[in-house]
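For what it's worth, our numbering labels the leading residue of the sequence shown as 859, then goes sequentially.
For each residue, glycine too, the CB sits at the ideal point set by N, CA and C.
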Amino acid sequence: MKALFIKDIQAIRTFLIFIVIFSLANCIPGSSLGMYGIFYVLLLPVTLINQDELTHWNRLSCMMPISSTAAVLEKYLLVYIMLFISIALCFISLAVGAQIFNYEIGFKQVCSLLVSMSGVLFLIAISMPFMFLVKTQGG
């Protein structure tokens with residue numbers, strides 16, 4: 859499973875950088891850029907599955923000592939890990955921004971981050987099973 863993580867992280871390296879940048883931009887007062895980092899995580903499964911189909915990894919994976927369950931589980935774990943990293947970075951940047959720009963963190967800001975996380979978790983839980991069934995490259 860470690861090799862699958864390395865393969866997927868290398869495939870979406872720049873994508874992960876954007877998630878970190880947008881999550882850290884949450885420190886600006888009145889900005890909702892941190893939400894973009896959280897919502898970018900929604901694009902991860904599509905990007906990962908599309909990358910696997912583009913490189914024909916799906917055809918070759920059956921010859922490797924990797925079960926299809928492990929490949930699917932790895933995608934779920936990677937997406938959930940990136941979501942929680944994004945949420946943690948949003949909270950950290952919110953706390954740092956409150957210190958730098960001298961404002962108080964309100965209940966509304968914390969709730970909006972938690973609602974965003976819940977929404978992304980819900981959408982990933984619904985959409986990922988369908989993404990494994992439907993081809994993104996067509997044909």
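query	result
Per-residue burial, S944 [other beta carbons within 10 Å of its own, 16 or more giving buried]	buried
Element boundaries [alpha helix (DSSP H), containing L981]	965-991
Exposure label - V937; buried when at least 16 CB within 10 Å	buried
Presumed contact (8 Å Cβ cut-off) between F880 and Y894, rounded CB distance	4 Å
Y938 in three-state terms, based on DSSP	helix
Residue interval of the alpha helix (DSSP H) (run including G892)	891-898
Proximity below 8 Å, CB of L941 to CB of V968	no
Which of helix, strand or coil DSSP assigns to S919	helix
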